[in-house]
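Engineer: Have a look at this one before I ask anything.
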Amino acid sequence: MLKRRSLLALLLVSVTPLFAQVLPAAAERTIRATKAEVLSLAVAPKGDRILVGQNKGAELIDLESGKKLLTLPYNEDGSMAAYYCAFNENGEYAVLIGHSGKRVVYSMKDGKPQPSLQQHRWVPDPRAVKAMGLDMGNSTFDRFYQQSELRDGGQMFRAGKNGAVDVIDAEGKTVQTLNFPENKDQHHRTPLLRWQEWLLVGTDDGRVLFYKLP
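Here it is, written out as structure tokens:
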């Protein structure tokens, strides 16, 4: 009888699908920007600073100390939201792009907007910006143009309601979901950024969370 039970237990274990947890349940590190919705993220080429695009412009933050270095104002076509941000190749300049596709370049020395885009060939051109979903036809209230998926090897991370993150395996199955009860805006979709061994997630109250990837 004992042997039968042991065999049955072995069979049950062998046929039960076992999903390994991809991400830790809690973030290993948190950086706090101004209390506003985080919409985009970019890490400087040297890995020393992070640019946090929000619904009220953007902030440049020191990665080691978490100290705010600069505030970048953005206000184009009736919106202050920075849905895309990026550094140039040496980290001396950064660009913010809003819902309508308007591009503004800033100096990372003083945070001042640059008068022209002509010398900044690294900035995405209008065609590339439109391919991101950032276009003059967008409403300031719609968020369908937000980038909400990140592929990493055989898995994908997908942003959901209330800033949740679903981890999806190669077969298209959701194997893990990270929820953030602190998020109050059900329409918030977190930006997703892979940097070194980290997955970076943004909340609707200004936090950037670092999850270590396996």
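Residue numbers (numbering that gives the first Met the number 0): 0 to 213.
Idealized CB from N, CA, C, for every residue including glycine.
Just so you know, these numbers come straight off a predicted model, no measurement behind them.
So, at 6 Å on beta carbons, what are the nonlocal neighbours of residue 206 in its own chain, with the 5 sequence-adjacent residues on each side left out?
Structural biologist: In the sequence shown, residue 206 corresponds to position 207, counting from 1. Contacts found: 29 and 31.
Engineer: According to DSSP, is residue 211 part of a helix, a strand, or is it coil?
Structural biologist: If you number the sequence shown from 1, residue 211 lands on position 212. Reduced to three states, the DSSP call for residue 211 is strand.
Engineer: Have a look at the DSSP bridge pairing and note the partners of residue 201.
Structural biologist: For the purposes of this step, residue 201 is taken as residue 202 along the sequence shown, with counting starting at 1. Residue 201 pairs with 207.
Engineer: Taking all protein chains shown into account, do 16 or more other C-beta atoms lie within 10 angstroms of the C-beta of residue 135, making it buried, or fewer, making it exposed?
Structural biologist: By one-based count along the sequence shown, residue 135 stands at place 136. Counting Cβ neighbours within 10 Å, residue 135 comes out exposed, since fewer than 16 surround it.
Engineer: Work out the CA separation of residue 110 and residue 74 for me, nearest whole Å.
Structural biologist: For the purposes of this step, residue 74 is identified with residue 75 of the sequence shown, where counting begins at 1. For the purposes of this step, residue 110 is identified with residue 111 of the sequence shown, where counting begins at 1. The alpha-carbon atoms of residue 74 and residue 110 are separated by roughly 14 Å.
Engineer: Can you confirm whether the segment 59-68 touches the segment 78-89 when touching is taken to mean that 3 or more C-beta pairs between the two stretches lie within less than 8 Å?
Structural biologist: The answer is no - the segment 59-68 does not touch the segment 78-89, with fewer than three Cβ pairs under 8 Å.
Engineer: Are the segment 147-164 and the segment 117-136 touching by the rule of at least three beta carbon pairs closer than 8 Å?
Structural biologist: The segment 147-164 is not in contact with the segment 117-136.
Engineer: In the DSSP assignment, find the alpha helix (DSSP H) that holds residue 45 and state where it starts and stops.
Structural biologist: Position 46 of the sequence shown, counted from the start, is the residue given in the question as residue 45. Looking at the DSSP string, residue 45 is not in any alpha helix (DSSP H), and its letter there is neither H nor E.
Engineer: Please work out which residues of its chain come closer than 7 Å, Cβ to Cβ, to residue 26, disregarding the five sequence neighbours upstream and downstream, and give them in chain order.
Structural biologist: Position 27 of the sequence shown holds residue 26. Hits under 7 Å: 208, 209 and 210.
Engineer: In terms of alpha-carbon separation, which member of 76, 98 and 69 lies closest to residue 92?
Structural biologist: As a working mapping, residue 92 is identified with position 93 in the sequence shown. That would be 69, whose Cα lies nearest to the Cα of residue 92.
Engineer: Could you pull out every residue in the same chain whose Cβ sits closer than 7 Å to the Cβ of residue 193, ignoring the five residues on either side in sequence?
Structural biologist: Taking the first residue of the sequence shown as 1, we reach residue 193 at position 194. The answer, listed in chain order, is 149 and 151.
Engineer: Starting from the C-beta of residue 56, find all residues in its chain whose C-beta is less than 7 Å away, skip the five residues before and the five after it, and write them out in chain order.
Structural biologist: The residue labelled residue 56 in the question sits at position 57 within the sequence shown. The answer, listed in chain order, is 70, 71, 72, 73, 79 and 81.
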